[in-house]
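Contents: one structure, followed by commentary.
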Amino acid sequence: AERALQQILGAEPAASPTRSRSLPGGDGPREVLDPLWWRHGSEAPSVHALGGDDPTLREPLCAHRPFLAVEVVHALRHLGAVTFTDLMLRRLWHTQGPCLEASCLQRAHALFLRERRWAVDDDAATAIAALRREVAQLTGGIA
1 AERALQQILG
11 AEPAASPTRS
21 RSLPGGDGPR
31 EVLDPLWWRH
41 GSEAPSVHAL
51 GGDDPTLREP
61 LCAHRPFLAV
71 EVVHALRHLG
81 AVTFTDLMLR
91 RLWHTQGPCL
101 EASCLQRAHA
111 LFLRERRWAV
121 DDDAATAIAA
131 LRREVAQLTG
141 GIA
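With this note's numbering as the guide, the letters of the sequence shown map in order to residues 1 to 143.
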């Protein structure tokens, strides 16, 4: 970014204050045995804490992707997820895309309804269909 500004402005910009600062989740100890650490870095303890006393939030969201239910809560409360598609496609990012198994999507949608902040995507069938349409569009229909 500094080099781009230098090219655009033609002047030497001041050193960026973020040059030596860690990216979010990049500071703190490395807990390589914790699966949440690999996705959330040093923010993993706060993601774990969102599970509180609810053991169902520490369970896998589905059998086909590595996400835990508590990651849905984290995405909706702290990552700005608003719609079901945004949650599944952009906040719970996976190289294979979101799991599209009907039972997994139903479970994820039920948790979405429980934790969402805005009254959107009330109907599971409509929300799931919107997710499937966007995945099909992004993959050119090969999903």
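Beta carbons are placed, not taken as given, at the ideal position from N, Cα and C, and that holds for glycine.
Predicted model, so just to flag it, every value in this text is computed and none were measured.
Beta-bridge partners of residue 87 (DSSP): none assigned. Looking from the CA of residue 51, the closest CA among 102, 117, 71 and 127 belongs to 71. Looking at 134, 25, 123 and 29, the one whose alpha-carbon comes closest to that of residue 79 is 25. In the pairwise beta carbon analysis, the region 83-94 is classified as not touching the region 41-60: fewer than three pairs are separated by under 8 Å. Listed as beta-bridge partners of residue 113 by DSSP are no residues whatsoever. In terms of Cα proximity to residue 29, the closest of 40, 19 and 20 is 40. Under the criterion of beta carbons closer than 8 Å, residue 82 and residue 118 qualify as touching, at roughly 6 Å.
Counting along the chain, residue 134 sits inside the alpha helix (DSSP H) bounded by residues 124-139.
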